[in-house]
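Below is one structure, written out as structure tokens; comments come after it.
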Amino acid sequence: MTTYSADYAVYRDDLAYMQDNSQKGVILSRLEGKLLEIRSYHINWESYQQGNMISQADYQFISHYDKQNLEGKKQLFEKDPEQCICTMMTLIREVAKEHVIQYVLVMLDDLLLVDKDRVKIIHQTAAKHNFNVWPPLKNLLNRDDQIIMHVASRLLAKLSTFSKTKMPDSDLVFYLTWLKGQFSVPSNDYLQSAAECLQWVLRVDEYRLPFVNADGVDSLVSVLLSNLGFQLQYQFIFCIWMLSFNVEIAGRIGENNVIPVMADILRTSQKEKVTRIIIATFRNLLEKPEQSKMHALHLFKASCYRFSMC
Numbered sequence: 003m004t005t006y007s008a009d010y011a012v013y014r015d016d017l018a019y020m021q022d023n024s025q026k027g028v029i030l031s032r033l034e035g036k037l038l039e040i041r042s043y044h045i046n047w048e049s050y051q052q053g054n055m056i057s058q059a060d061y062q063f064i065s066h067y068d069k070q071n072l073e074g075k076k077q078l079f080e081k082d083p084e085q086c087i088c089t090m091m092t093l094i095r096e097v098a099k100e101h102v103i104q105y106v107l108v109m110l111d112d113l114l115l116v117d118k119d120r121v122k123i124i125h126q127t128a129a130k131h132n133f134n135v136w137p138p139l140k141n142l143l144n145r146d147d148q149i150i151m152h153v154a155s156r157l158l159a160k161l162s163t164f165s166k167t168k169m170p171d172s173d174l175v176f177y178l179t180w181l182k183g184q185f186s187v188p189s190n191d192y193l194q195s196a197a198e199c200l201q202w203v204l205r206v207d208e209y210r211l212p213f214v215n216a217d218g219v220d221s222l223v224s225v226l227l228s229n230l231g232f233q234l235q236y237q238f239i240f241c242i243w244m245l246s247f248n249v250e251i252a253g254r255i256g257e258n259n260v261i262p263v264m265a266d267i268l269r270t271s272q273k274e275k276v277t278r279i280i281i282a283t284f285r286n287l288l289e290k291p292e293q294s295k296m297h298a299l300h301l302f303k304a305s306c307y308r309f310s311m312c
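For the sequence shown, the numbering used here gives the first residue as 3, with consecutive numbering after it.
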């Protein structure tokens, strides 16, 4: 079991904020307008049934479910959660048109916005009906459509962290590599969404070392060296803070350029939340192996000197 320092009690509120906002349907600003538009789509499910692209059972469920308001959808899910999940996963696997995939992905994500504990039901249904939730969503990360990619990424992050069921190693490496790649996409309008997904993923200690082994720390340093706003600075340093809870990773952080980069941000940042998360990270490093302590102490001395010169 992972042991957290007192800092975790301070910053777990930020994790709760991410979840609570998701449950209330608050979506990152770059996605908000598009997702509202997608929710207003009208899909001709009958044409898919007549063309034998979906089964009669899937057609009956989705055509009825799609007409309901939020309360009606909740009641239908609670009445037959297995049919709901099986139908949505079938549509994600079988449908080719991008606007329909967008619609079903958002529909599935909305299920989890209402109650994140439904992730457990999804995994139980997958096990009972012998289907794999990971490959269909993972494959969507290769699509050209940005909305499809990033909503699929949100679902992968939630499915891998909101229950005890863990993402398989091969799928995890692929997903972490994809996330890392998003950090170097020029003028990425969805960078904040990718950062949020990594924040979710790094809550799980088992996922931290694979991220580091995939040169994840270097990718965080690189993106922090770019011209970021304070919110993205906070999110990416939050990821480093999460990594610093792992003793092995804390001992390796000094091998990267993490400490000097955070020191420069600490020196220039005027946002309290950014300052607090950096100091919390330094504190974790001081509580971990001797190598980390020496790097952190050197940082504190250098930072104090720079502040005294300002």
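Glycine included, each C-beta is placed from N, C-alpha and C at the ideal position.
As the structure is a computational prediction, the values presented were derived from the model and not from experiment.
- If one requires a minimum length of 4 residues, the alpha helix (DSSP H) runs lying completely within the stretch 197–284 are 207–215, 218–226, 232–245, 249–255 and 260–270, in chain order.
- Taking the C-beta atoms as reference points, threonine 127 is found no nearer than 8 Å to isoleucine 94.
- When Tyr67, Leu107, Trp47 and Asp82 are compared, the shortest CA-CA separation from leucine 38 is found for Leu107.
- Per DSSP, reduced to three states, the secondary structure at glutamine 148 is helical.
- The beta carbon of valine 135 sits closer than 8 Å to those of Met91, Ile124, His125, Ala128 and Leu161, all from its chain and outside the five residues before and after it, given in chain order.
- By the Cβ rule, the stretch 229–239 counts as touching the stretch 273–284, because three or more pairs are nearer than 8 Å.
- Taking 8 Å as the upper bound for CB-CB distance, valine 223 and asparagine 259 are in contact here, some 5 Å apart.
- Apart from sequence neighbours up to five positions away, the residues of its chain that approach proline 212 with a beta-carbon distance below 7 Å are Leu174, Val175 and Leu178, ordered along the chain.
- For histidine 44, the closest alpha carbon among the candidates Ser155, His66, Thr163 and Gly35 is that of His66.
- Boundaries of the alpha helix (DSSP H) harbouring threonine 127: 120–131, taken from the DSSP string.
- By the 16-neighbour rule on beta-carbons within 10 angstroms, aspartate 119 is exposed.
- Per DSSP, the continuous alpha helix (DSSP H) segment holding tyrosine 61 begins and ends at 58–67.
- Excluding residues up to 5 positions away in sequence, Met151 lie with their Cβ nearer than 7 Å to the Cβ of arginine 145 in the same chain.
- Residue Leu204 holds the alpha-carbon nearest to the alpha-carbon of glutamine 237 among Lys81, Arg41 and Leu204.
- Burial is judged here by how many other beta carbons sit within 10 angstroms of a residue's own beta carbon; serine 221 has at least 16 and is buried.
- With respect to the C-alpha of alanine 159, the residue from Gln148, Asp147 and Trp180 having the closest C-alpha is Trp180.
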